[in-house]
Amino acid sequence: MLYLMKRFRESFGHAFDGLVYVWREERNFKIQIFIGILVILGMFFVNFSYEAMGLMVVAIVLVLGAETINTAFEDTLNKIEPNHDPVIGRIKDIAAGFVVLSVFGAIIIGVFAVLSYFSL
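For the sequence shown, position 100 matches number 96 in the working numbering, and the numbering has no gaps at all.
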């Protein structure tokens, strides 16, 4: 049992190290964290429903997860081919597009939450 606890703690530590790396290396991640914190604070001040708050937290986590995956793709592809390659550039653009789609989805969820709050 102690061995499993130690392995779990090590795995969690590696995952946390990955998030710290993304925080240090990616300016957009810092911006997204800042916006996410503002949204969460705003939810409590405006007193949204628990359902709306849950959806907004899921949207925030989706955006942060997309940025994290995008960083992993970019670093992997840079390791595979450090020189400019049009196919690798396209793959990076597609991964960045996932981040943009996530951001648009999060914005739409936020707009719906605000509209539902003010229509009550």
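Note that CB positions come from ideal geometry on N, CA and C, so glycine has one too.
* To do: Please go through the segment 27 to 110 and give each complete alpha helix (DSSP H) segment of 4 or more residues, from N-terminal end onward.
  => Secondary structure within the segment 27 to 110: the alpha helix (DSSP H) runs of 4 or more consecutive residues, fully enclosed, are 46 to 76 (chain order).
* Asked: What do you reckon, are the CB atoms on V125 and Q28 nearer than 8 angstroms?
  -> Examination of residue 125 is not possible in this model, given that the chain is present from -3 through 116 alone.
* Asked: Is it right to say V16 is buried, meaning 16 or more other beta carbons lie within 10 angstroms of its own, or is it exposed?
  -> Locating residue 16 in the sequence shown gives position 20, where the first residue counts as 1. Exposed.
* Asked: Going by beta carbon distance, what residues of the same chain come within less than 8 angstroms of G106, once the five residues before and after it are set aside?
  -> Taking the sequence shown and counting its residues from 1, the one referred to as residue 106 is at position 110. Excluding five sequence positions before and after G106, the CB atoms of its chain that fall closer than 8 angstroms to its own CB belong to V35, M52 and A55, given in chain order.
* To do: For S112, I'd like the list of residues in its chain whose CB is within less than 7 angstroms of its CB, leaving aside the five on either flank, ordered along the chain.
  => As a working mapping, residue 112 is identified with position 116 in the sequence shown. Correct list, in chain order: A48.
* How far does the alpha helix (DSSP H) with S7 in it reach, from first residue to last? -> Counting from 1 along the sequence shown, the entry for residue 7 is found at position 11. First-last of the alpha helix (DSSP H) with S7: L(-2) to E21.
* Cβ of A62 within 8 angstroms of Cβ of V83? -> As a working note, residue 62 is residue 66 in the sequence shown. As a working note, residue 83 is residue 87 in the sequence shown. Cβ atoms of A62 and V83: not closer than 8 angstroms.
* For I87, which residues from the same chain have a beta carbon less than 8 angstroms from its beta carbon, with the 5 sequence-adjacent residues on both sides left out? -> Taking the first residue of the sequence shown as position 1, residue 87 is located at position 91. Answer for I87: F69 and L73, listed in chain order.
* Asked: Do N66 and A92 have their C-beta atoms within less than 8 angstroms of each other?
  -> Translated into the one-based positions of the sequence shown, residue 66 becomes position 70. Translated into the one-based positions of the sequence shown, residue 92 becomes position 96. Yes, the pair counts as a contact, with Cβ atoms nearer than the cut-off.
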